[in-house]
Amino acid sequence: RKSLDMFRDIMDDEDESQYIMFWNNFGKYIKVGVVEDDRNRKDILPLLRFFSSKSEDEYTSLDEYIEGMKDGQKAIYYVTGDGKEKAAMSPAAEKVVGRGYEVLYMVEPLDEITIESIREYKDFDILDVTKEQDLKLGEDEEDEEAKKKKEELNKEFSDVIEYLEGVLSGKVNKVAVSDLLTSSPAALVQGAYGVSPTMQRYMKAQSVASGGSDGGQGLDSMNQAVMEINPNHPIVKDLELMVKGGDKDSAETKNFAMLLYDVAGMTSGYDVDDTGDFAKRVMALMTTKARDDGAGVQDAVIEEKKED
Numbered sequence: 196r197k198s199l200d201m202f203r204d205i206m207d208d209e210d211e212s213q214y215i216m217f218w219n220n221f222g223k224y225i226k227v228g229v230v231e232d233d234r235n236r237k238d239i240l241p242l243l244r245f246f247s248s249k250s251e252d253e254y255t256s257l258d259e260y261i262e263g264m265k266d267g268q269k270a271i272y273y274v275t276g277d278g279k280e281k282a283a284m285s286p287a288a289e290k291v292v293g294r295g296y297e298v299l300y301m302v303e304p305l306d307e308i309t310i311e312s313i314r315e316y317k318d319f320d321i322l323d324v325t326k327e328q329d330l331k332l333g334e335d336e337e338d339e340e341a342k343k344k345k346e347e348l349n350k351e352f353s354d355v356i357e358y359l360e361g362v363l364s365g366k367v368n369k370v371a372v373s374d375l376l377t378s379s380p381a382a383l384v385q386g387a388y389g390v391s392p393t394m395q396r397y398m399k400a401q402s403v404a405s406g407g408s409d410g411g412q413g414l415d416s417m418n419q420a421v422m423e424i425n426p427n428h429p430i431v432k433d434l435e436l437m438v439k440g441g442d443k444d445s446a447e448t449k450n451f452a453m454l455l456y457d458v459a460g461m462t463s464g465y466d467v468d469d470t471g472d473f474a475k476r477v478m479a480l481m482t483t484k485a486r487d488d489g490a491g492v493q494d495a496v497i498e499e500k501k502e503d
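In our numbering, the protein residues as written are 196 to 503.
Below you can see the structure in the form of structure tokens.
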């Protein structure tokens, strides 16, 4: 109790740099306290600090997050990643940042363990945007017209969804259209009880360190992600044309679909399973592009000769 009083005194000091220095040195112990000290958890929570989509290089607290909430906001949002930069580039974060909501960055396994032990703060649910769940984004989420539009999009892209689920069988649980993605063509998200890629790597490392025989490989089959595609992105529209145009059995279309999955995985924080295969897919795409550009140049030369 005396320690908590001392921590609060440092936090309330007019010189904010004092608490930042304290946090940088002892923040991990505060996080462990949240996880392990049930009796004092409520008193410890205001001491937590995180980076966020709005704080840039400054820390923000849960109370500061709530003060900056949009009118009608119903939850506190966070995203996981190996470091602030990777968390910020997560396609899943687009789903709320694009609507003006702030997202907290959980940049190490201990952050994720800490935030998952809280669940809610001051009557606000704490939600992981990388999970397949209702993000409680306000009235628009319940709007019948929005629901109808999403149903129509799923129907419109049913051929693409079916194709991707076939090509990615064993890699994803399912494919679905998302009307929340903005600049990314696709994202990989976990189910409600799934484990983030950051936590998966941590658990595998722990398994290896403790002498586990499979190196945590059992996690892969238990944590197949859900692939969400952006129906408004040119890449997804190109894939739709390829699938509906009768080229869905070609190696080029399959390569295109696999690259979409690879990019979604990397930007969502996952490791590429086979870097050799990934390199081959990229080179195949580059070869196709070079061939098409070469044909275009050749046609232009022929036309120029005709004019001469």
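The beta-carbon is built from N, C-alpha and C at its ideal position, and this holds for glycine as well.
Worksheet entry | Cross-strand partners of residue 371 (DSSP beta bridge) | Taking the sequence shown and counting its residues from 1, one reaches residue 371 at position 176. Answer by DSSP bridge pairing, in chain order: 423.
Discussion item. Tell me the residue span of the beta strand (DSSP E) that contains residue 299.
Written reply: Position 104 of the sequence shown, counting from 1, holds the residue named residue 299. Note, residue 299: beta strand (DSSP E), 298-301.
Worksheet item: Taking the Cβ atom as the reference point for each residue, do residue 276 and residue 260 lie within a distance shorter than 8 Å?
Response: Here residue 276 corresponds to residue number 81 of the sequence shown, with the count starting at 1. Here residue 260 corresponds to residue number 65 of the sequence shown, with the count starting at 1. No, they are not a contact pair.
Discussion item. Quick check on residue 211: does DSSP put it in helix, strand or coil?
Written reply: To locate residue 211, count along the sequence shown from 1; it is residue 16. Here residue 211 sits in helix by DSSP.
Fill in: Expected contact under 8 Å - CB spacing of residue 320 and residue 270 to nearest Å
In the sequence shown, the residue the question calls residue 320 occupies position 125. In the sequence shown, the residue the question calls residue 270 occupies position 75. That belief holds up - the Cβ atoms of residue 320 and residue 270 are roughly 5 Å apart, short of 8 Å.
Worksheet item: Rounded to whole angstroms, how far is the Cβ of residue 421 from the Cβ of residue 381, which I believe are closer than 8 Å?
Response: As a first step, residue 421 is located in the sequence shown; it is residue number 226 there, counting from the start. As a first step, residue 381 is located in the sequence shown; it is residue number 186 there, counting from the start. Not quite, the Cβ-Cβ distance comes to about 11 Å (not below 8 Å), so this is no contact.
Worksheet entry | Rounded separation between residue 466 and residue 308 - CA only | Within the sequence shown, the letter at position 271 stands for residue 466. Within the sequence shown, the letter at position 113 stands for residue 308. When rounded, the distance between both Cα atoms is 21 Å.
Item to complete: Ignore the nearest five residues each way along the sequence and tell me which others in residue 443's own chain have a CB closer than 6 Å to its CB.
Response: Reading the sequence shown from its first residue, position 248 is the one you call residue 443. Only 358 meet the Cβ criterion.
Worksheet item: What are the start and end residues of the beta strand (DSSP E) that includes residue 382?
Response: As a working mapping, residue 382 is identified with position 187 in the sequence shown. Residues 381-384.
Worksheet item: What three-state label does DSSP hand residue 270 in the structure shown?
Response: Taking the first residue of the sequence shown as 1, we reach residue 270 at position 75. The three-state secondary structure of residue 270, taken from DSSP, is strand.
Worksheet item: Just checking my contact of residue 419 with residue 366 at CB under 8 Å: how many whole Å lie between their CB atoms?
Response: To locate residue 419, count along the sequence shown from 1; it is residue 224. To locate residue 366, count along the sequence shown from 1; it is residue 171. About 7 Å separates the beta carbon of residue 419 from that of residue 366, a gap short enough to meet the 8 Å contact definition.
Worksheet item: Ends of the alpha helix (DSSP H) at residue 310?
Response: Residue mapping note: residue 310 aligns to position 115 of the sequence shown, counting from 1. In the DSSP assignment, residue 310 falls within the alpha helix (DSSP H) that extends over 304-311.
Worksheet entry | Own chain, CB closer than 7 Å to residue 315, minus 5 neighbours either side, in chain order | The sequence position of residue 315 within the sequence shown is 120, counting from 1. Result list for residue 315: 321, in chain order.
Worksheet item: Hey, residue 274 and residue 287 are a contact pair by Cβ (cut 8 Å); roughly how many whole angstroms apart?
Response: Here residue 274 corresponds to residue number 79 of the sequence shown, with the count starting at 1. Here residue 287 corresponds to residue number 92 of the sequence shown, with the count starting at 1. Correct: roughly 6 Å between the Cβ atoms.
Worksheet item: How long is the line joining the alpha carbons of residue 327 and residue 282, rounded to whole angstroms?
Response: Start at 1 with the first residue of the sequence shown, and residue 327 comes out as number 132. Start at 1 with the first residue of the sequence shown, and residue 282 comes out as number 87. Each residue's Cα considered, the two are about 17 Å apart.
Item to complete: Could you tell me if residue 200 is buried or exposed, where buried requires 16 or more neighbouring beta carbons within 10 angstroms of its beta carbon?
Response: Indexing the sequence shown from 1 puts residue 200 at position 5. Exposed, because fewer than 16 other Cβ atoms sit within 10 Å of the Cβ of residue 200.
Discussion item. By the three-class DSSP mapping on this structure, what secondary structure does residue 470 have?
Written reply: As a first step, residue 470 is located in the sequence shown; it is residue number 275 there, counting from the start. It is helical.
Worksheet entry | Candidates 464, 294 and 355: closest to residue 330 by CA position | For the purposes of this step, residue 330 is taken as the residue at position 135 of the sequence shown. Nearest C-alpha to residue 330: 294.
Item to complete: Assign residue 220 to one of two classes, buried (16 or more other C-beta atoms within 10 Å of its C-beta) or exposed (fewer than that).
Response: Translated into positions along the sequence shown, residue 220 becomes position 25. That one is exposed.
Practice prompt. Go through its chain and collect everything with a Cβ distance to residue 265's Cβ below 7 Å, but skip five positions before and after it.
Written response: Here residue 265 refers to the residue found at position 70 of the sequence shown. Excluding positions up to five away in sequence, the list reads 295 and 296.
Discussion item. On the CB-based measure, 16 or more other CB atoms within 10 Å of its CB, does residue 233 come out buried or exposed?
Written reply: Counted from its first residue, the sequence shown places residue 233 at position 38. That one is exposed.
Practice prompt. Note down, in chain order, each residue of its chain lying with its Cβ closer than 8 Å to the Cβ of residue 447, except the 5 sequence neighbours on either side.
Written response: Counting from one through the sequence shown, the residue named residue 447 turns up at place 252. Excluding residues within five positions, the ones whose Cβ falls inside 8 Å are 437, 479 and 483.
Fill in: Check whether residue 215 and residue 229 have beta carbons under 8 Å apart
Here residue 215 refers to the residue found at position 20 of the sequence shown. Here residue 229 refers to the residue found at position 34 of the sequence shown. Contact: no.
Worksheet item: Exposed or buried, residue 391, counting other C-beta atoms within 10 Å across all chains shown (16 or more means buried)?
Response: Here residue 391 refers to the residue found at position 196 of the sequence shown. Result: buried.
Worksheet item: Distance, Cα to Cα, residue 203 vs residue 213?
Response: Against the sequence shown, residue 203 aligns to sequence position 8. Against the sequence shown, residue 213 aligns to sequence position 18. Those two C-alpha atoms are separated by around 11 Å.
Worksheet item: Taking the continuous beta strand (DSSP E) assigned at residue 320, which residues delimit it?
Response: On the sequence shown, residue 320 is found 125 positions in, with the first residue counted as 1. 319-323 is the extent of the beta strand (DSSP E) around residue 320.
Worksheet item: Of the residues 431, 242 and 462, which one's Cα is nearest the Cα of residue 354?
Response: Position 159 of the sequence shown, counting from 1, holds the residue named residue 354. Nearest to residue 354 by C-alpha distance, out of 431, 242 and 462, is 431.
Worksheet entry | Proximal residues to residue 439 (C-beta, below 7 Å), its chain only, five neighbours per side dropped | For the purposes of this step, residue 439 is taken as residue 244 along the sequence shown, with counting starting at 1. Contacts found: 354.
Discussion item. Distance check for residue 237 and residue 469, CA to CA, integer angstroms please.
Written reply: If you number the sequence shown from 1, residue 469 lands on position 274. If you number the sequence shown from 1, residue 237 lands on position 42. Their backbone Cα atoms lie some 45 Å apart in a straight line.
Discussion item. Could you compute how far the alpha carbon of residue 504 sits from the alpha carbon of residue 433?
Written reply: Here the chain has residues from 196 to 503 only, and residue 504 is not among them.
Worksheet entry | Cα-Cα separation, residue 459 to residue 404 | By one-based count along the sequence shown, residue 459 stands at place 264. By one-based count along the sequence shown, residue 404 stands at place 209. Approximately 29 Å, taken between the alpha carbons.
Item to complete: State the Cα-Cα distance for the pair residue 222 and residue 310, rounded to the nearest angstrom.
Response: Counting from one through the sequence shown, the residue named residue 222 turns up at place 27. Counting from one through the sequence shown, the residue named residue 310 turns up at place 115. Whole-angstrom Cα-Cα distance: 14 Å.
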